[in-house]
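Protein chains in written order, with my numbering: chain A, 812 to 927; chain B, -10 to 967.
Think of the CB as a built atom: it goes at the ideal place given N, C-alpha and C, for glycine as much as any other residue.
Report on the structure given below.
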Amino acid sequence: MKSAFSDWAKERMPGLFVFNLLMMVLLLLKSAGYFHPYLPLTINVVFVIAMVLAVCLLGANSRAIFILAVLFWILAGWFGVWKINIWAERSAIYAYQAMVIGVVLVLVESFCRDRV
Amino acid sequence: MKREKKLGRVKKINWLMVVLVLMALTPVFWFVNKGGALINGLDTNFPLDPIVWFARRFYVWNSVTNMGVDFSSSVAGLFFHLIQAIPFYFGASLQLTEILSLVFWYGMVVFGAYYGVSSFGKVSRMAKLLFVAVYAYNIYLFNTWENVKVSNLALVVALPLFLGLLQRYKRKEVEIGGLAVRSIVFGVLAAGSGINPAYFSVIVLSIVIYLFVSITFNWGEMKRVSRGVFVSLVVLVGVNMFWILPLISFMFLSGGVSGLEELGFTNWLASLSEHTSLVNVLRLQGAWDWYALDEAGFPLYIPYALNYFYSLPFIAFSYVLPVLAMSSLVFWDKSKGVLYRFFAVILVLGIFMGTGLNGPTGVLYRLLVSHVPFFSFYRSPWYIFTPLTVLAYAGLLALLYERLKVWMGKELVTGFAVIFLVGYAFYSYPLITGKIFRLGRADSFVVSFPKYIWEAKGWIENGKQTSARVVTYPDDDLESFEWGYRGTESILGLISDQEFITPSFNVSNKSFRYLLDKFYRLLKMGSYDSALAILPYFGADTLLIKDDASSLSPKIDTDIESWGKLTTIGSWRFLEKEGKTQKFYIPGSVYKNLGEIQDFADVASYLTFPTAVVSLGDSEVAKAKVYDGARDFGRFKHINYENNPSGRDQLYEYDFAKGGEYYFVVERNGVVGSEIEVWFNDELVRRNLIEEKDAVIVIGPLAVDDGMNRVKLVFPEAQNLVDTSGFNEVVGLSKLRGEDLPEEPSQILVAFNDWEKEKRIALPVSNFDPFVNYQLTFDYKYIYGSVPIIDVLQSVPSTPLKVFPLSVGSNMDWERKVIRVEPAGIISNLEVAFRMPGKNMGGRSKSYFENLEFRRVFNNDVFFVEKPGDGRSDVPEIVVEKISPVKYRVSVGGATDDFVMVFSETYSSEWKMAKIDDGAPLVHFSVNGFANGWMVPVEDEDFILEVYYERQNFYLTGGVMSLGTMVVVGVWLVRKRK
């Protein structure tokens, strides 16, 4: 498992580097309030960009994105059970964003691979 | 041997079918132990005469409700009401009729779901059961069934049917002919969605999405799938042309509709949708009424909602279905790619649309509303689009089961599925047990109608139904009875075809609304003569007083009964005016309104019927030369009211274009005529020219020159109605030293609080009249601490009615403050309340008030009405025959000169009048602000006029097209088989 993960990371080292770099830049820009009020760089926007970058740079497929959606939805459920509704709402938003990206990706994948 | 054979037959019984039949019978459980009660009320509107309601769907004009209303969107309910009409026609009781109707539609939901899932290819019975269970029992359907919403039901039935049909066609299990025939049947079932066309559009949208996900990824099937989609869409639309065509005419061809309100709907996109957050939409908990709570946090409408908010198993289970659906996308099965893609797309779309203006996609939704024409018609997106989400959940769950069965083994997955189903049944308990109908609560939908309702129904049917209208009282928009029924539709409309006038949330014509409000206000004030003088303008001759209504409006006493013939049935009093009133009349005089449209409502009771009022500047009226000989009326400008509303001298002026003799009509508003002085152009008007009526004071006739004329009314002194003498004693100033008190403590009220809690002191208003306006004035100075709040509160013993609050601010100089008070016209109490907040961070608070006065204002409007002549002496006789709600025939006899004919039905350019001989349409214009008028040229003494609502032609043409679609499909099939 460890070696598989290590191999995966080695294969995508440049992508991982750029991904992390961009994420750091985005979070720094967000914390400094850049582009506000013309384009508010919210954490939602950062999250969507992160998913798109994960697809482009790390080769994430639709299944990976859907797993992300499921995980965030389970997290929303966990917060919901503990009645931390604000966090449940936020997690649900991430789950939905992941689902949208996943559906778009699956359509693209279907178009590229399954087309008859 | 026989026994073994029997056992074998039993074994062969398909257990799934048994379960599905039981599901379809769910509505039967709702009526267990309910006696003869019906599920009725609010939006449910189960007709107490299903035949009458069914028959109404053959016309695009409904003359029954409030002066008539275009019914184009409601004819779509034809099939829905046919299902009610059939058993009732064959003698079934109303309760049995309702049960059969509900079972039919529940059966259709179950059958539709089964038909849909059976088209997935080879799927197990457990997968089918999962699909049907999720689709037929879910939180979205709680609201749909609670109100038996026709549009929602039709949409829910149609979605899986069309999916199943297209899937079967794609899989070559059905050929094109079969697809066309089935599309006819499914199209008929979907017809009810046209009541709100936004729902119908979702069916079309889902078919288009199916086309997209099928052909984009499999071009080999493009031709077949496109053909299937094309035929199904053509047949679906063709079958529904009977409502589509008149609706297109209503929305686009006659000036168009500018908003939902004109379709009779309320636009609550930004208000009631506030709880459709993503997490709630994903859990199917976006219905607004779940979140309406009282001050103690208890649900106002949905008692079981608390379980879903606070009970751990319910909260946990609410996340299970979405997680299973999302997981299904993880375990994607390529062989069923079309279905996965379809469900994935409608899931994302359903959630996006269902969330409406809420984040994070609300910005995009707002853009669509702003820039896409007619997108705003999706007034309550959660209700319209959530069926897509539900379909996606059901489909993805069934697919997940099939997928996991291969991976984990059938027994294990089936075990999980059974556990899920049991949990899901508990989770959906309000729908299964009928708790959605709010059993045991005052607002329950399970209603037992008292015997006298049926007696009244029989009385109306047995010849007492009047050709004129019945106006109902009290005047609540939501009709509510002590015995349980609450509805937006008047009960008169449920039991008969009697035309009636009743307050409604959906009255869109402002002039009619003003007049109706004025009528009820006069009635509640006890000005019966003036109120009842308005009735003929509504084409009404009867007042129905419902003494069993739950209302804050005052009861009508027996004094009114001398006005006409009284018939008492149970708690209902029908008061019928002697003589003949009808919806058509020829006015004796025509008035020209020089003011605003609402001015007619204020003088209607004074203008002796039959009168017609036309607006100034109406080109059609000018064309018809109606202005020739018309007299003027209008409103004086009240010039000093804003500066001195409670002052004795009130000044009015108007620049007259035409001199002559006029009457001045002053609104009484609680003023006694003998106590006022009237000055006209600085001359005192003689007392014998002032006549007091029950709602107005009439002055004149007075000779008026053209140009500016002035009226001064001198009213009696307005008394201060609030006693402030004991205020400082009640506040308690003992903790303040002498130097901390105002210099004149007897004149200044000290709002002082050193308590931890808020201190509230209320001063009652004496001699309060709810039909008079008031103002509270005082001088205010802030000293220190929290700022006090001054409320003028109107209340009845059980509940507050209206609050007029004022936050006085923290100005440390003396400042004049004013609160204008327009009370609700309900017998009640009024008080001026001082609220002094509790200690803030340990500090006290103190403010000063001086010159506090509460006096009535003199906002009495003054109107001028040109003195009428002798009126027409040659008014022709008319005899009216109602052929249908869209067609009338009027026989005119003894006409000698051109005349105006008024038809007291809501104005629409679609109403056409013509002489039956030549058929040429007469010049048509609006009368009284809401009715129809025509100028009738006279060539012969006797002739017949025909009035027709022309949009009915669209309905007839659409009906022919609907039938034609069925015939064409039939002929095509027959020829194909040959």
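For the C-beta of Ala880/A, the chain B residues within less than 7 Å are, from N- to C-terminus, Met315.
Counting only Cβ-Cβ distances below 7 Å, Ile304/B has contacts in chain A at Gly891, Val892, in chain order. Residues of chain B with a Cβ closer than 7 Å to the Cβ of Ala899/A are, in chain order, Val268.
According to DSSP, residue pairing for Pro705/B in a beta bridge does not occur. When secondary structure is reduced to three states using DSSP, Pro39/B falls in the helix class.
Here the alpha carbon of Gln941/B sits roughly 37 Å from the alpha carbon of Leu338/B. Using a CB distance cut-off of 8 Å, Trp819/A does not count as an interface residue toward chain B. When Cβ-Cβ separations below 8 Å define contact, Gly870/A makes no contact with chain B. In this chain, the alpha helix (DSSP H) harbouring Ser316/B covers 309 to 319. Ranked by Cα distance from Ile75/B, the options Thr86/B, Gly66/B, Ala65/B are led by Thr86/B.
Taken through DSSP and simplified to helix, strand or coil, Ser784/B comes out as strand. The beta carbon of Ser221/B sits closer than 7 Å to those of Phe151, Leu154, Leu155, Leu168, Ser172, Ile196, all from its chain and outside the five residues before and after it, given in chain order.
The contact set of Tyr896/B on chain A, defined by CB atoms closer than 7 Å, is empty, because the minimum CB distance reaches about 48 Å. Ranked by Cα distance from Asn855/A, the first of Ala865/A, Lys841/A, Tyr849/A is Lys841/A. Here Ser551/B is actually not in contact with Ala684/B; their C-beta atoms are around 18 Å apart, not less than 8 Å. Between the alpha carbons of Glu263/B and Thr344/B lies a gap of roughly 9 Å. Taking a cut-off of 8 Å on C-beta distances, the segment 944 to 952 of chain B does not touch the segment 901 to 915 of chain B, as fewer than three cross pairs fall below it. Under the DSSP assignment, Asp758/B falls outside any beta strand (DSSP E); it carries neither an H nor an E label. The CB of Leu916/A never comes closer than 7 Å to any CB in chain B; the least such distance is about 10 Å. Ser880/B: member of the beta strand (DSSP E) spanning 876 to 882, first to last residue. Using a Cβ-Cβ cut-off of 7 Å, Leu318/B is close to Phe877, Gly913 of chain A, given in chain order. Short of 8 Å from the beta carbon of Leu827/A, and not among the five residues preceding or following it, lie these beta carbons of its own chain, in chain order: Ala820, Leu868, Leu869. Straight through space, the alpha carbons of Gly24/B and Ser437/B are spaced by roughly 8 Å. Taking CB atoms only, Phe922/A has a neighbour in chain B less than 8 Å away. Under the DSSP assignment, Ala529/B falls in the beta strand (DSSP E) whose first and last residues are 529 to 535. In this structure, DSSP gives Thr954/B a helical state, which the three-state scheme calls helix. Taking the CA atoms as reference points, Arg430/B sits about 41 Å from Ala522/B. In the three-state scheme derived from DSSP, where H, G and I count as helix and E and B as strand, Ser359/B is classed as helix.
Against chain A, the beta carbon of Thr713/B has no neighbour under 9 Å; the closest one sits roughly 48 Å away. Taking 8 Å as the CB threshold, Arg330/B lines the interface with chain A. Every unbroken stretch of the alpha helix (DSSP H) spanning 4 or more residues and falling wholly within the segment 347 to 393 of chain B is given here in chain order: 351 to 360. Per DSSP, Trp4/B is not a residue of any beta strand (DSSP E); the alpha helix (DSSP H) it occupies stretches across 4 to 13.
Between Phe760/B and the set Arg510/B, Leu328/B, Thr375/B, the nearest pair of CA atoms involves Arg510/B.
The C-alpha of Val58/B is placed about 29 Å away from the C-alpha of Ser359/B. Within chain B, Tyr308, Val312 have C-beta atoms less than 8 Å from the C-beta of Ile885/A, given in sequence order. Apart from the 5 residues on each side of it in sequence, Glu820/B sits with its Cβ closer than 7 Å to the Cβ of Ala751, Leu752, Pro753, Val754, Leu782 in its chain, given in chain order.
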